[in-house]
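Undergrad: Here this note's numbering is used: the first residue of the sequence shown is 545, the next is one more, and so on.
In this text, a Cβ means the ideal position worked out from N, Cα and C, and glycines have one as well.
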Amino acid sequence: MTTFPFSSIGFDLDGTLLDTHQDLGAAVNHALKLGGLKPVPVDSSKDLIGGGAKMMLSRAVDDQGGMERDDFHALYKKMLSYYSEHNAVHSHPYPGMIDTLDELADRGVKIAVVTNKFESFATSILNQLGLADRFVTIIGGDTMGKGNAKPAPDPIYEARKRCGGGSFAFVGDSSYDVNAAKAAGVPVIACAYGYCDKPPHELGADAVIQTASELIPALEALPKP
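#1: Would you list, in sequence order, the uninterrupted alpha helix (DSSP H) runs of no fewer than 4 residues that lie entirely inside the segment 569–619?
#2: Can you give the Cα-Cα distance for K726 and N671, rounded to whole angstroms?
#3: Which residue marks the beginning of the alpha helix (DSSP H) containing V722, and which one marks its end?
#4: Starting from A666, follow the beta strand (DSSP E) in both directions and report where the run begins and ends.
#5: Are the segment 547–557 and the segment 701–715 touching, with three or more C-beta to C-beta distances below 8 Å?
#6: Going by beta-carbon coordinates alone, are D677 and E663 separated by less than 8 Å?
#7: Which stretch, first to last residue, makes up the beta strand (DSSP E) that contains M681?
#8: Which whole-angstrom value is the C-beta distance of D556 and G716, which I expect to be below 8 Å?
#9: Taking Cβ to Cβ, would you say K661 is nearer than 8 Å to C707?
#10: Against chain C, does Y626 count as a neighbour if the rule is that its beta carbon must be under 8 Å from one of theirs?
#11: Within 10 Å of its beta-carbon, does D490 have 16 or more other beta-carbons around it, so buried, or fewer, so exposed?
#12: Should the segment 634–654 be called in touch with the segment 688–695, which here means at least 3 C-beta pairs below 8 Å?
Structural data, given as structure tokens:
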């Protein structure tokens, strides 16, 4: 077996490691109902994901005419409260992802999660799914402080640092992921199966995969760091 080119890999969570749209959609609809607004089809919540829960709810509210800032803030807090108790009802790893994580572990590759979801939510979901112990670190959108979530490079730098430095690549499904990785100067793989906010091949990633099982060959095919 040839030497794997990366000592550590960072993963986005929603739309990359896990299919979470049903639980996120349910939380958005819970908030919309409380706000006197119409629910959105759960599958359409895939189009709202990206940039964190607040942006997700904001898009859904704005699509129905928007609301006053204080009213939105109150609704957002209710959404978070609901999601904190219902964040792993339907969420699950994508097909092939567990096998891929197993193979990375067998190769001695350290793995990290870098998400714009709150760290506490990400940790909770991964714990409920029995996956948290697989990761050296879980970095959320609030971990590095305000203004330092993706697409800023800060969480990528921190993930690589916590994994011990060395060669690092990132895997995600959105422009937030690709732009953060590019800003941090690390290779990035885009997941076409995720919640891409533009056509996958237009995200600017170094490679695009259609399934999780394609990840390791795609990483091995990247130029050596």
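TA: So, from the data block:
#1: 597–606
#2: 30 Å
#3: 719–728
#4: Per DSSP, A666 belongs to no beta strand (DSSP E); it is in the alpha helix (DSSP H), 663–672.
#5: yes
#6: no
#7: Before going further, note that residue 681 is Thr rather than Met in the sequence given. Start and end: 681–683.
#8: 4 Å
#9: no
#10: The question asks about chain C, but that chain is absent: this structure has only one protein chain.
#11: Nothing can be reported for residue 490, as the shown portion of the chain is limited to 545 through 769.
#12: no
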